[in-house]
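These notes are about the structure you will find just below.
2 protein chains.
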Amino acid sequence: MAIAVPSGFRLAGVHCGIKSNPAKLDLTLIVSDAPAVAAGVYTQNKVFAAPVGWNRRHTPSRAIRAIVVNSGNANACTGPRGDEDAATMAKLAAAAVGAAPAEALVLSTGVIGKFLPMDKIAAGITAAAGQLGRDEAHLLDAARGMLTTDTRHKLAGRRLKLTAREVQLTGMAKGAAMIGPNMATMLSVLLTDAVLDEQTAQHALAQAVDDSFNCISVDGHMSTNDTVLLVASGVAGGGALAADDLAAFRAALGEVCAELAQAIPADGEGATHLVTIDVAGAASRAAAHKIARTVAESPLVKTAIAGADPNWGRVVSAVGYSGVPLDAAAISLKINGHLLYQRGAPVAFDAATVSASIRDQRDTHLEIQLADGDGRVRFWTTDLTAEYVRLNADYHT
Amino acid sequence: MAIAVPSGFRLAGVHCGIKSNPAKLDLTLIVSDAPAVAAGVYTQNKVFAAPVGWNRRHTPSRAIRAIVVNSGNANACTGPRGDEDAATMAKLAAAAVGAAPAEALVLSTGVIGKFLPMDKIAAGITAAAGQLGRDEAHLLDAARGMLTTDTRHKLAGRRLKLTAREVQLTGMAKGAAMIGPNMATMLSVLLTDAVLDEQTAQHALAQAVDDSFNCISVDGHMSTNDTVLLVASGVAGGGALAADDLAAFRAALGEVCAELAQAIPADGEGATHLVTIDVAGAASRAAAHKIARTVAESPLVKTAIAGADPNWGRVVSAVGYSGVPLDAAAISLKINGHLLYQRGAPVAFDAATVSASIRDQRDTHLEIQLADGDGRVRFWTTDLTAEYVRLNADYHT
Numbered sequence: 000m001a002i003a004v005p006s007g008f009r010l011a012g013v014h015c016g017i018k019s020n021p022a023k024l025d026l027t028l029i030v031s032d033a034p035a036v037a038a039g040v041y042t043q044n045k046v047f048a049a050p051v052g053w054n055r056r057h058t059p060s061r062a063i064r065a066i067v068v069n070s071g072n073a074n075a076c077t078g079p080r081g082d083e084d085a086a087t088m089a090k091l092a093a094a095a096v097g098a099a100p101a102e103a104l105v106l107s108t109g110v111i112g113k114f115l116p117m118d119k120i121a122a123g124i125t126a127a128a129g130q131l132g133r134d135e136a137h138l139l140d141a142a143r144g145m146l147t148t149d150t151r152h153k154l155a156g157r158r159l160k161l162t163a164r165e166v167q168l169t170g171m172a173k174g175a176a177m178i179g180p181n182m183a184t185m186l187s188v189l190l191t192d193a194v195l196d197e198q199t200a201q202h203a204l205a206q207a208v209d210d211s212f213n214c215i216s217v218d219g220h221m222s223t224n225d226t227v228l229l230v231a232s233g234v235a236g237g238g239a240l241a242a243d244d245l246a247a248f249r250a251a252l253g254e255v256c257a258e259l260a261q262a263i264p265a266d267g268e269g270a271t272h273l274v275t276i277d278v279a280g281a282a283s284r285a286a287a288h289k290i291a292r293t294v295a296e297s298p299l300v301k302t303a304i305a306g307a308d309p310n311w312g313r314v315v316s317a318v319g320y321s322g323v324p325l326d327a328a329a330i331s332l333k334i335n336g337h338l339l340y341q342r343g344a345p346v347a348f349d350a351a352t353v354s355a356s357i358r359d360q361r362d363t364h365l366e367i368q369l370a371d372g373d374g375r376v377r378f379w380t381t382d383l384t385a386e387y388v389r390l391n392a393d394y395h396t
Numbered sequence: 000m001a002i003a004v005p006s007g008f009r010l011a012g013v014h015c016g017i018k019s020n021p022a023k024l025d026l027t028l029i030v031s032d033a034p035a036v037a038a039g040v041y042t043q044n045k046v047f048a049a050p051v052g053w054n055r056r057h058t059p060s061r062a063i064r065a066i067v068v069n070s071g072n073a074n075a076c077t078g079p080r081g082d083e084d085a086a087t088m089a090k091l092a093a094a095a096v097g098a099a100p101a102e103a104l105v106l107s108t109g110v111i112g113k114f115l116p117m118d119k120i121a122a123g124i125t126a127a128a129g130q131l132g133r134d135e136a137h138l139l140d141a142a143r144g145m146l147t148t149d150t151r152h153k154l155a156g157r158r159l160k161l162t163a164r165e166v167q168l169t170g171m172a173k174g175a176a177m178i179g180p181n182m183a184t185m186l187s188v189l190l191t192d193a194v195l196d197e198q199t200a201q202h203a204l205a206q207a208v209d210d211s212f213n214c215i216s217v218d219g220h221m222s223t224n225d226t227v228l229l230v231a232s233g234v235a236g237g238g239a240l241a242a243d244d245l246a247a248f249r250a251a252l253g254e255v256c257a258e259l260a261q262a263i264p265a266d267g268e269g270a271t272h273l274v275t276i277d278v279a280g281a282a283s284r285a286a287a288h289k290i291a292r293t294v295a296e297s298p299l300v301k302t303a304i305a306g307a308d309p310n311w312g313r314v315v316s317a318v319g320y321s322g323v324p325l326d327a328a329a330i331s332l333k334i335n336g337h338l339l340y341q342r343g344a345p346v347a348f349d350a351a352t353v354s355a356s357i358r359d360q361r362d363t364h365l366e367i368q369l370a371d372g373d374g375r376v377r378f379w380t381t382d383l384t385a386e387y388v389r390l391n392a393d394y395h396t
């Protein structure tokens with residue numbers, strides 16, 4: 000099975016009362032039977048949550064025993080008390096497996112600016128520690144414990160046959176981007192039983208994140224809590240991966256991250272379209288990324304897609320203001336395979352056909368072709384609907 | 000009267016048929032009785048409209064006789080034929096006053112990607128040339144001829160008593176930002192009878208625009224056509240302005256530009272709030288501007304204001320992801336004068352009172368205080384409502 004718990008890990012997800020609805024899980028505990036290698040990639044926001052600060056100080060590591068995640072409260076903008084609470088969470092999670100605080104990592108997501116209910120967190124960790132397991136039900140509970148306004152859990156995995164051994168890679172993620180009222184954050188934890196050292200894990204994770212979680216945007220509002228962890232138990236054995244095996248592992252890691260990343264805008268609240276933006280022919284990959292992100296975050300592009308309007312002028316003008324030097328006379332654009340704009344000039348097309356192709360399917364594909372180099376990127380976003388505005392304009396504070 | 004036609008100019012606004020509604024004016028002609036000094040500031044979009052290209056080549060100038068503006072068609076993304084059409088518009092407007100094509104400037108706003116109806120433009124220029132005048136009715140018609148989805152015309156002016164002479168400065172603008180379906184663009188023409196040379200005019204205009212039109216955002220989507228012109232007839236006489244007089248003129252120019260700039264988000268379609276963002280204590284003015292713009296363009300901040308939600312976490316986290324190095328532990332925030340966040344920590348406040356202060360008035364004031372330096376900026380934006388989405392998701396192409 001592609002999605003299974005990698006050897007050496009046990010998981011649990013419980014309801015401990017941070018969320019008022021008792022049917023919603025709000026705490027996940029993941030433990031490694033022995034010290035595991037862990038790498039992390041975090042939000043670039045200068046205003047970052049307490050658990051992000053904790054994890055930054057403790058990754059990469061080769062001695063991680065526990066990861067605790069709570070949903071419903073982000074422990075962000077909470078000052079020194081927030082830092083103490085994150086440290087206490089780490090200490091409690093570590094204690095549950097007889098480890099030291101520095102051997103635990105902490106993830107939080109939910110409301111900004113409220114202190115964590117530490118009594119509930121402590122009870123939740125104790126309860127979760129009593130329910131740890133290695134089967135699919137435990138994996139599902141763990142994936143559910145990190146959700147906020149997500150409408151579904153997000154899991155992806157690969158079983159890899161490497162030279163003389165098999166390894167399992169399984170990832171879970173949460174995020175409807177920053178869409179939930181007061182909610183924020185994209186979190187992901189990737190588990191593997193492959194043998195990886197810290198530097199290899201950190202490098203592989205950073206690259207996989209660059210092409211996946213860093214290529215999604217719902218509303219461009221960067222969270223205070225974004226975290227992606229890769230944790231490797233090494234239980235699959237066989238020593239360090241040879242070059243070919245490592246390449247295969249990195250490819251699988253890239254695929255799993257892309258699958259999980261794409262699931263976030265696909266679950267964007269209020270969204271009626273998942274938009275895939277391919278930029279090719281840019282001066283560099285960074286230029287392609289900047290162009291794609293500018294298009295992805297234009298409210299005029301997003302509302303046009305919501306309205307099934309093949310409004311190429313909005314896309315082309317967004318390319319133009321991305322801040323990247325480019326040859327505007329060479330821009331071409333396809334929407335859902337239909338050529339609408341070719342080398343800087345409009346192309347006659349049947350608007351009704353292209354509109355129907357947007358309206359009648361959930362996926363929309365924008366292909367932007369430039370002639371500035373060989374930089375390319377694939378980026379995912381949502382459309383922008385009146386429902387998004389309604390969900391986020393409600394009074395909550 | 001603060002708003003009057005400066006000496007040396009005549010204006011007209013007519014309906015020539017670019018817009019289908021005959022009650023809507025769609026062509027403005029402004030002529031200077033003698034060659035005037037003209038300075039221009041234009042969109043930074045790499046995909047810029049044909050008239051922007053024409054004006055860039057012909058400003059600054061000391062020989063401008065005519066300015067022609069059409070609304071309803073942006074002449075953007077129209078390739079070489081668009082360039083020819085812009086040149087023809089200049090030629091026709093110049094010919095109406097017996098001048099050469101290079102003595103005319105051209106502004107267009109409206110639909111992207113359609114060729115101008117040149118027969119209508121030609122007839123419109125002829126009609127407008129027959130109706131030129133210097134009184135308030137002519138000024139109003141000229142201001143109306145440049146509107147697209149604006150709900151009202153935008154005029155501002157100052158009468159300045161300088162040493163030994165009086166000068167008049169009057170500006171008109173259009174723009175509901177990029178909000179109209181397929182429409183775009185902010186245009187402004189500032190007329191004065193003061194004596195200015197090209198370099199002085201260009202420098203004064205660039206600085207005034209930096210603190211006004213460059214400090215507004217409705218949806219962050221930069222137009223292909225943005226243009227601000229300052230045209231000085233010199234008819235007030237008295238030779239070049241002395242240092243004190245020039246300073247007074249520049250101050251007035253700054254005020255008029257700020258007044259017109261602010262009128263654009265105030266008229267943003269679908270908007271229910273005009274939001275003024277003051278950033279102080281940033282490392283530099285550029286840093287303050289980047290922070291203000293990031294906050295202004297966060298859909299989560301904008302929807303919170305639409306919903307009268309004093310959601311300070313969204314504002315503070317937007318400050319954090321602006322990309323500017325800053326001391327996050329020193330951030331303070333007031334909304335409508337209420338302190339909600341002080342030096343990196345939440346402050347207890349009465350949410351109902353702050354919410355009412357947002358809900359019950361059209362103006363919302365965000366004050367962001369940092370401790371990184373003395374950079375400051377004032378920035379204006381709108382909230383984001385479901386009505387904005389509806390207006391822009393309609394099928395139009």
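Just so you know, the protein sequences line up as chains A and B, in that order.
Under numbering that gives the first Met the number 0, think of the first position of the first sequence as 0, with each following residue one higher.
Under numbering that gives the first Met the number 0, think of the first position of the second sequence as 0, with each following residue one higher.
Think of the CB as a built atom: it goes at the ideal place given N, C-alpha and C, for glycine as much as any other residue.
Exposed or buried, Ala251 of chain B, counting other C-beta atoms within 10 Å across all chains shown (16 or more means buried)? Here the question's residue 251 of chain B lines up with position 252 in the second sequence. The C-beta of Ala251 of chain B has 16 or more other C-beta atoms within 10 Å across all chains shown, which makes the residue buried.
With 8 Å as the threshold, decide whether the Cβ of Gln43 of chain B is near any Cβ in chain A. Taking the first residue of the second sequence as position 1, residue 43 of chain B is located at position 44. Closer than 8 Å: yes.
Mind listing, in chain order, the continuous alpha helix (DSSP H) runs of no fewer than 4 residues lying wholly within the region 67–110 of chain A? DSSP runs (the alpha helix (DSSP H)) wholly in the region 67–110 of chain A: 78–94.
Contact belief for Val346 of chain A with Ile330 of chain A at Cβ below 8 Å, rounded distance in angstroms: Residue 346 of chain A sits at position 347 when you count from the first residue of the first sequence. Residue 330 of chain A sits at position 331 when you count from the first residue of the first sequence. In fact, because the Cβ distance is near 12 Å, the residues do not count as touching under 8 Å.
How would you call Ala65 of chain A, buried or exposed, if buried means at least 16 neighbouring beta carbons within 10 angstroms? Along the first sequence, read from residue 1 onward, the residue named residue 65 of chain A stands at position 66. Buried, since its Cβ has 16 or more Cβ neighbours within 10 Å.
Can you tell me whether Gln201 of chain A is helix, strand or coil according to DSSP? In the first sequence, residue 201 of chain A corresponds to position 202, counting from 1. Looking at Gln201 of chain A - three-state DSSP - the assignment turns out to be helix.
So Ala35 of chain A packs on Ile63 of chain A, CB below 8 Å; how close in whole Å? As a working mapping, residue 35 of chain A is identified with position 36 in the first sequence. As a working mapping, residue 63 of chain A is identified with position 64 in the first sequence. So it is a contact: roughly 5 Å between Cβ atoms.
So that I know if they touch, is there some Cβ in chain A lying closer than 8 Å to that of Ile263 of chain B? Taking the first residue of the second sequence as 1, we reach residue 263 of chain B at position 264. No, because no Cβ of chain A sits closer than 8 Å to the Cβ of Ile263 of chain B.
By the criterion of Cβ-Cβ separation under 7 Å, what are the contact partners of Met221 of chain B in chain A? Locating residue 221 of chain B in the second sequence gives position 222, where the first residue counts as 1. Result: Tyr320.
Between A:Arg377, A:Thr271, A:Leu146, which has its C-alpha nearest Glu258 of chain A's C-alpha? Within the first sequence, the letter at position 259 stands for residue 258 of chain A. Glu258 of chain A has its Cα closest to that of A:Arg377, out of A:Arg377, A:Thr271, A:Leu146.
Hey, quick one: how far does the alpha helix (DSSP H) through Lys301 of chain A stretch, first residue to last? Taking the first residue of the first sequence as 1, we reach residue 301 of chain A at position 302. Per DSSP, the unbroken alpha helix (DSSP H) holding Lys301 of chain A starts and ends at 298–305.
I'd like to check one pair, Ala48 of chain A with Asn74 of chain A: are the Cβ atoms closer than 8 Å? As a working mapping, residue 74 of chain A is identified with position 75 in the first sequence. As a working mapping, residue 48 of chain A is identified with position 49 in the first sequence. In this structure, Ala48 of chain A lies closer than 8 Å to Asn74 of chain A by Cβ.
Terminal residues of the continuous alpha helix (DSSP H) containing Arg313 of chain A? On the first sequence, position 314 is the one that residue 313 of chain A refers to. Counting along the chain, the alpha helix (DSSP H) containing Arg313 of chain A begins and ends at 311–319.
Short of 7 Å Cβ to Cβ, which residues in the region 21–42 of chain B face chain A? When C-beta distances to chain A are compared with 7 Å, every residue of the region 21–42 of chain B stays at or above that value.
Contact with chain E by Thr381 of chain B, beta-carbon distance below 8 Å: Looking for chain E here will not work: the only protein chains present are A and B.
Establish whether the CB of Ala285 of chain B and some CB of chain A are separated by less than 8 Å. The residue given as residue 285 of chain B occupies position 286 in the second sequence. No, because no Cβ of chain A sits closer than 8 Å to the Cβ of Ala285 of chain B.
Under three-state DSSP, which class holds Gln130 of chain A? Along the first sequence, read from residue 1 onward, the residue named residue 130 of chain A stands at position 131. Gln130 of chain A falls in the coil class under three-state DSSP.
Looking at the secondary structure, which residues open and close the alpha helix (DSSP H) in which His288 of chain B lies? As a working note, residue 288 of chain B is residue 289 in the second sequence. Segment 284–295, the alpha helix (DSSP H) holding His288 of chain B.
Determine, using beta carbons only, whether Asp266 of chain B comes closer than 8 Å to chain A. Here residue 266 of chain B is taken as the residue at index 267 of the second sequence, counted from 1. Judged by the 8 Å Cβ criterion, Asp266 of chain B is not in contact with chain A.
Would Leu189 of chain B and Gly170 of chain B qualify as a contact pair, given that the criterion is a beta-carbon distance under 8 Å? For the purposes of this step, residue 189 of chain B is identified with residue 190 of the second sequence, where counting begins at 1. For the purposes of this step, residue 170 of chain B is identified with residue 171 of the second sequence, where counting begins at 1. Contact: yes.
At least one CB of chain B closer than 8 Å to the CB of Val96 of chain A: is that the case? Counted from its first residue, the first sequence places residue 96 of chain A at position 97. Cβ-Cβ to chain B under 8 Å: no for Val96 of chain A.
Compare the C-beta of Gly78 of chain A against all C-beta atoms of chain B and say whether one is closer than 8 Å. Translated into the one-based positions of the first sequence, residue 78 of chain A becomes position 79. Cβ-Cβ to chain B under 8 Å: yes for Gly78 of chain A.
For Asn391 of chain A, which residues in chain B fall below 8 Å Cβ to Cβ? Position 392 of the first sequence, counted from the first residue, corresponds to residue 391 of chain A. Under the 8 Å cutoff, chain B gives Pro298, Leu299, Thr302, Ala303, Gly306.
Let me confirm a value: Glu268 of chain B is counted as buried when at least 16 other C-beta atoms fall within 10 Å, else exposed. Which label applies? Position 269 of the second sequence, counting from 1, holds the residue named residue 268 of chain B. Label assigned to Glu268 of chain B: buried.
On the CB-based measure, 16 or more other CB atoms within 10 Å of its CB, does Arg157 of chain B come out buried or exposed? Working through the second sequence from its first residue, we reach residue 157 of chain B at position 158. Buried, since its Cβ has 16 or more Cβ neighbours within 10 Å.
Note the first and the last residue of the continuous beta strand (DSSP E) segment covering Pro34 of chain B. Here residue 34 of chain B corresponds to residue number 35 of the second sequence, with the count starting at 1. Pro34 of chain B: member of the beta strand (DSSP E) spanning 26–41, first to last residue.
If you draw a straight line from the alpha carbon of Thr271 of chain A to that of Gly236 of chain A, how long is it in whole angstroms? In the first sequence, residue 271 of chain A corresponds to position 272, counting from 1. In the first sequence, residue 236 of chain A corresponds to position 237, counting from 1. Approximately 45 Å between the Cα atoms of the pair.
My output table needs one value for Arg389 of chain B: the three-state DSSP class, helix, strand or coil. Along the second sequence, read from residue 1 onward, the residue named residue 389 of chain B stands at position 390. Three-state result, Arg389 of chain B: helix.
Ordered list of beta strand (DSSP E) runs contained in the region 215–290 of chain B, each at least 3 residues: Positions of the beta strand (DSSP E) runs, each at least 3 residues long and wholly inside the region 215–290 of chain B, are given as 226–231, 273–281 in order along the chain.
With respect to the alpha helix (DSSP H) encompassing Arg56 of chain B, which residues constitute its N-terminal and C-terminal limits? Position 57 of the second sequence, counted from the first residue, corresponds to residue 56 of chain B. Unbroken alpha helix (DSSP H) run through Arg56 of chain B: 49–57.
Could you spell out the range, first to last residue, of the alpha helix (DSSP H) harbouring Ala350 of chain B? The residue given as residue 350 of chain B occupies position 351 in the second sequence. Taken as a continuous stretch (DSSP letters only), the alpha helix (DSSP H) holding Ala350 of chain B covers 350–358.
Among B:Ile29, B:Ala98, B:Trp311, B:Ala262, which one has its Cα closest to the Cα of Gly132 of chain B? Counting from one through the second sequence, the residue named residue 132 of chain B turns up at place 133. Residue B:Ile29 is the option with its Cα nearest to Gly132 of chain B.
Output, in sequence order along the chain, the residues in the region 193–219 of chain B whose CB is closer than 8 Å to any CB in chain A. For the region 193–219 of chain B, which is checked against every Cβ of chain A, the residues closer than 8 Å are Asp218, Gly219.
Under 8 Å, Cβ to Cβ, is there at least one residue of chain B near His139 of chain A? The residue given as residue 139 of chain A occupies position 140 in the first sequence. Looking at the sequence itself, residue 139 of chain A is Leu, so the reference to His does not match. Closer than 8 Å: no.
With 8 Å set as the bound, which would you pick, yes or no: does the beta-carbon of Gly170 of chain A sit closer than that to a beta-carbon of chain B? In the first sequence, residue 170 of chain A corresponds to position 171, counting from 1. Judged by the 8 Å Cβ criterion, Gly170 of chain A is not in contact with chain B.
Between the beta-carbon of Ala11 of chain A and the beta-carbon of Ala127 of chain A, is there less than 8 Å? Reading the first sequence from its first residue, position 12 is the one you call residue 11 of chain A. Reading the first sequence from its first residue, position 128 is the one you call residue 127 of chain A. Yes, Cβ-Cβ distance for Ala11 of chain A and Ala127 of chain A is below 8 Å.
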